[in-house]
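Here is the structure we will look at, set down as structure tokens.
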Amino acid sequence: MRNTPVDITAAPRAVIGATAGLIYRVGRSVLGENRIPTAQDNARAAVSADRQRAQERAELERWLANVRQRRTSTTP
Numbered sequence: 001m002r003n004t005p006v007d008i009t010a011a012p013r014a015v016i017g018a019t020a021g022l023i024y025r026v027g028r029s030v031l032g033e034n035r036i037p038t039a040q041d042n043a044r045a046a047v048s049a050d051r052q053r054a055q056e057r058a059e060l061e062r063w064l065a066n067v068r069q070r071r072t073s074t075t076p
């Protein structure tokens, strides 16, 4: 008798795949077709978040430079 390998990951993968499809269909029906985020929407959101972080970082660097400048100008 030949022993055939059993793929113990097949059932969980099938369940996850079916669940993902179900969640997508429910989300599409609840939110509407136009409100489901696409990969392009996700990329735009990521770029926007990166720009916001860069602005905040630049603002902090300006503030720190200002504090350093005041400290060096007031120190005898």
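In UniProt numbering, the protein residues as written are 1 to 76.
A virtual CB, placed ideally from N, CA and C, is assigned to each residue, including glycine.
Computed from a predicted structure; not experimentally measured.
| Query | Result |
| --- | --- |
| Under the three-state DSSP convention, the category Thr74 falls into | helix |
| Residues near Ala65 in its chain [Cβ-Cβ closer than 6 Å; skip 5 each side] | none |
| Beta carbon of Ile16 nearer than 8 Å to that of Arg28 | no |
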